[in-house]
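First residue of the sequence shown: 58, per this note's numbering; consecutive thereafter.
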Amino acid sequence: MSSSAPLPHPSDTSAFQHEWPVLLACASPFPETPKLPAMLGAADARRLVALAEEHGVVGHVAASLGKLDKAVLPPELRPALRNRQHAQAVFSLLITAELFRVLERFVSERIGALVVKGPVLAVQAYGDPGMRRYGDLDLLVRQR
58 MSSSAPLPHP
68 SDTSAFQHEW
78 PVLLACASPF
88 PETPKLPAML
98 GAADARRLVA
108 LAEEHGVVGH
118 VAASLGKLDK
128 AVLPPELRPA
138 LRNRQHAQAV
148 FSLLITAELF
158 RVLERFVSER
168 IGALVVKGPV
178 LAVQAYGDPG
188 MRRYGDLDLL
198 VRQR
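Structure, rendered in structure tokens:
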């Protein structure tokens, strides 16, 4: 990650041939943790973080790689993932707080609403609102 050369676009799968297997292994419901150290040896940390960010799975990659011995990870990978994960967690907290403000207002106005996707789905699916990237809140609102 020390190189400042621009990265290819993540849709260029041939440019990320070593990073895709790591990303898929980490994002799997059943991560192949024992295989990750060998996969990481061929992957570029900077490209892996960019790919994880592009596909909204930074939390999954960080969680899977966090189970590995620190000596296995490229030194620049852990702080890069931690920074992205922290930013995602802060955003999750902000958007969740906004969700509660909106829902409280709906309740005070006796408007029925159902939350779909966003932080609610992330908590139901992963137990952590920061594990899934989202950019907005989706609500179904009962018509009056």
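Backbone N, C-alpha and C define an ideal beta-carbon position, used for all residues, glycine too.
Because the structure is a prediction, the values reported are computed rather than measured.
Scanning VAL147, ALA137, PRO176, GLN145 for the CA closest to the CA of LEU156 turns up PRO176.
For ALA170, the beta-bridge partners assigned by DSSP are VAL198. The beta carbon of LEU108 sits closer than 6 Å to those of PRO67, PHE73, GLU76, LEU80, all from its chain and outside the five residues before and after it, given in chain order.
The beta carbon of THR153 sits closer than 7 Å to those of PRO176, PRO186, all from its chain and outside the five residues before and after it, given in chain order. With 16 or more neighbouring CB atoms inside 10 Å of its own CB, ALA137 falls in the buried class. From the listed residues LEU122, ARG104, ARG199, the smallest Cα separation to LEU93 is found for LEU122.
Going by C-alpha positions, CYS83 is about 44 Å away from GLU166. Judged by DSSP in its simplified three-state form, SER149 adopts helix. Distances from the alpha-carbon of LEU150 to those of PHE163, ARG190, ARG162 put ARG190 closest. ALA170 places its beta carbon less than 8 Å from that of ARG199.
In the three-state DSSP reduction, GLU76 falls in the helix class (H, G or I). Between the beta-carbon of GLN142 and that of ALA119 there is about 5 Å, and that keeps the pair under the 8 Å contact cut.
Its chain contains ALA82 as the residues whose beta carbon lies nearer than 6 Å to that of GLU89, once the 5 sequence neighbours on both sides are disregarded; these appear in chain order. The DSSP-derived three-state label of HIS66 is coil. TYR183: member of the alpha helix (DSSP H) spanning 175 to 183, first to last residue.
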